[in-house]
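Numbering (the working numbering), first residue to last: 1164 to 1669.
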């Protein structure tokens, strides 16, 4: 082709070569690159959420040959692809050197909890069900989302929880929802608001303290932060709190991979926790190019959660509901999560619940209930019968002339057979009987064995629970030897022979 200039079509994002030759066969080759086509479909962004603001970085795939500029407002452009942004909805505008411009919307979420959490232990005195719409896809009926009369049996029975006017019942649950309410629903459908008390302080804790920093020789883009001893500071003001700390190479409670660390006004993800054998310390690894002196003292901070939830409690004084039937509802609401509603079984309140036994129970250590708050549970269950079955053991030694008692023990064992209860209440009753501290009608007991469960009964959702319980602090123990209270020696049993007139001793 002898045209000059020489014009031809080429596909965006490709490379090629043009060879030129003159009349005397001299030639030269020119390599060319056709820039990629700028496309919003190729924009990829990464949001690193942090407590005060988030770092958002953008990458454009298939951008060979393009010089890009970035803007959040489509007015002020910058060559850096990194922005520090507060939570909200945004649009990124990207343009190349040829005037082509594309955009893409994105969202920066609030720092904090992004996964909903609600937990209501079945050890609680009052039994609740999560209110959902059942369907054949995902929302199937379970024990957690059905009330007793909604059971999938031919003859579902309705559980009525029985309490007396002298009962003050505490309910405990875990939640990270913004708004939590609890109400008592009266017979006329009016509602009495209950006071909910937060029992823990797990979320949004702040810490700022002295630390030390080093370069990571194997990767100059990384730094290591470790802790020996130093000052503690107010996170918001930076003022010395007057308190010191000493970790001596250990890490604070927030020194966990994936948590955020603030240093020199910026936030960094803790990418790893490694042990430095030279310094004998744990290092928090962050993406930071440090050019200073190793082991220099710096200030670092963090906003963190000890747990993903807080623990809450509310009390109901049933003296306010004598001779009434009520229910309780717990509502959890949050703009970031799907609302939760938990409704209790029907509750019947009387001055005296005849035919029932009072069971109070708790643990000395925390389980799925935070017993360190002092919470104690109470239920009242209809009792069918109570049978005494002493649990005894004996060891003796037979000699040629006597039988000597070496040791004997007897414990008061009682078998409780309860009237039928629904499956949901059966679970609570069995859990109650497996706690460390149990009082049944004011007497201390401990389970002798796992409660026995019979059922379901026929086509119903009824179950019978039988429990063998040993009374505590009621052990008879006899030891051989020593003063037996009769004389200074052992009591002998005379040998016997049989004569025509019966037994005689010799």
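Just so it is clear, CB atoms sit at the ideal spot from N, CA and C, and this is done for glycine as well.
Three-way DSSP call (helix, strand, coil) for residue i in this model
| i | result |
| --- | --- |
| residue 1180 | strand |
| residue 1472 | coil |
| residue 1484 | helix |
| residue 1685 | Residue 1685 falls outside the range modelled here, since the chain spans only 1164 to 1669, and no answer is possible. |
| residue 1313 | helix |
| residue 1199 | coil |
| residue 1166 | coil |
| residue 1633 | strand |
| residue 1306 | helix |
| residue 1394 | strand |
| residue 1536 | helix |
| residue 1194 | strand |
| residue 1413 | coil |
| residue 1644 | Per-residue confidence for residue 1644 stands at a pLDDT of 41, beneath the threshold of 50, marking its modelled position as unreliable; the derived number appears in the next sentence. If DSSP states are grouped into helix, strand and coil, residue 1644 belongs with coil. |
| residue 1495 | strand |
| residue 1171 | coil |
| residue 1374 | strand |
| residue 1408 | strand |
| residue 1282 | strand |
| residue 1500 | coil |
| residue 1289 | coil |
| residue 1441 | coil |
| residue 1187 | coil |
| residue 1479 | strand |
| residue 1429 | strand |
| residue 1654 | Reliability of the predicted coordinates at residue 1654 is poor, the pLDDT of 43 falling under 50, and no value is obtained from them. |
Which residues DSSP lists as bridging residue i, in chain order
| i | result |
| --- | --- |
| residue 1447 | 1388 and 1436 |
| residue 1567 | 1560 |
| residue 1721 | The chain is shown only over 1164 to 1669; residue 1721 falls outside these bounds and no answer can be derived. |
| residue 1269 | 1253 |
| residue 1248 | 1217 |
| residue 1234 | 1256 |
| residue 1351 | In the DSSP output, where bridge partners are listed per residue, residue 1351 has none listed. |
| residue 1579 | 1549 and 1630 |
| residue 1222 | 1207 |
| residue 1318 | 1623 |
| residue 1462 | 1373 |
| residue 1490 | 1348 |
| residue 1403 | 1396 |
Unbroken alpha helix (DSSP H) run spanning residue i, endpoints
| i | result |
| --- | --- |
| residue 1592 | 1586-1595 |
Host beta strand (DSSP E) of residue i (start-end)
| i | result |
| --- | --- |
| residue 1296 | Per DSSP, residue 1296 belongs to no beta strand (DSSP E) and is neither H nor E. |
| residue 1239 | From DSSP, residue 1239 is part of no beta strand (DSSP E); its letter is neither H nor E. |
| residue 1545 | 1540-1551 |
| residue 1425 | 1423-1426 |
| residue 1344 | 1342-1348 |
| residue 1260 | That residue, residue 1260, is in no beta strand (DSSP E); it is neither H nor E in DSSP. |
| residue 1331 | 1331-1338 |
| residue 1599 | Element bounds for residue 1599: n/a, residue is neither H nor E. |
| residue 1420 | Premise fails: residue 1420 is in no beta strand (DSSP E) and is neither H nor E. |
| residue 1608 | 1606-1610 |
| residue 1323 | 1323-1327 |
| residue 1355 | 1354-1356 |
| residue 1361 | 1359-1361 |
Subject >> Three CB pairs or more closer than 8 Å across the region 1452-1465 and the region 1363-1377 >> reply: Three or more pairs of CB atoms, one per stretch, sit closer than 8 Å, so the region 1452-1465 contacts the region 1363-1377.
Original post:
Using 8 Å as the threshold, is the region 1417-1427 in touch with the region 1455-1474, meaning 3 or more CB pairs across them?
Top reply: With a cut-off of 8 Å, the region 1455-1474 and the region 1417-1427 count as touching, because enough Cβ pairs lie within range.
Original post:
What runs of the beta strand (DSSP E), each 3 residues or longer, lie entirely inside the region 1506-1534?
Top reply: Counting whole runs of 3 or more residues, the region 1506-1534 contains the beta strand (DSSP E) stretches 1509-1513 and 1519-1525.
Subject >> At least three beta-carbon pairs within less than 8 Å, the region 1553-1567 to the region 1516-1525 >> reply: Because the criterion of three Cβ pairs below 8 Å is not met, the region 1553-1567 and the region 1516-1525 do not touch.
Subject >> Segment contact, 8 Å Cβ cut-off, at least three pairs: the region 1591-1603 with the region 1309-1317 >> reply: No, because fewer than three Cβ pairs between the region 1591-1603 and the region 1309-1317 fall closer than 8 Å, the two stretches do not touch.
Original post:
Using 8 Å as the Cβ pair cut-off and three pairs as the minimum, do the region 1254-1272 and the region 1220-1233 touch?
Top reply: They touch, by the three-pair rule.
**OP:** Could you tell me whether the region 1346-1363 touches the region 1477-1492, using the rule of 3 or more Cβ pairs below 8 Å?
**Re:** Contact between the region 1346-1363 and the region 1477-1492 is present: 3 or more CB-CB pairs across the two stretches fall below 8 Å.
Original post:
Just checking, does the region 1426-1440 make contact with the region 1292-1299 on the three C-beta pairs under 8 Å criterion?
Top reply: For the pair of segments examined, the region 1426-1440 was found not to touch the region 1292-1299: the number of CB pairs separated by less than 8 Å stays below three.
Original post:
Would you call the region 1566-1585 and the region 1263-1273 touching, i.e. three or more CB-CB distances under 8 Å?
Top reply: With a cut-off of 8 Å, the region 1263-1273 and the region 1566-1585 do not count as touching, because too few Cβ pairs lie within range.
Original post:
Is it a yes or a no for the region 1509-1517 touching the region 1527-1541, going by three-plus beta-carbon pairs under 8 Å?
Top reply: Contact fails: fewer than three Cβ-Cβ distances are below 8 Å.
Original post:
Is the region 1403-1419 close to the region 1350-1364, with three or more CB pairs under 8 Å?
Top reply: Segments in contact, no.
Original post:
Just checking, does the region 1270-1284 make contact with the region 1496-1506 on the three C-beta pairs under 8 Å criterion?
Top reply: Result yes; three or more Cβ-Cβ pairs closer than 8 Å.
Subject >> Stretch pair the region 1176-1187 + the region 1232-1250: three plus CB contacts closer than 8 Å >> reply: Segments in contact, no.
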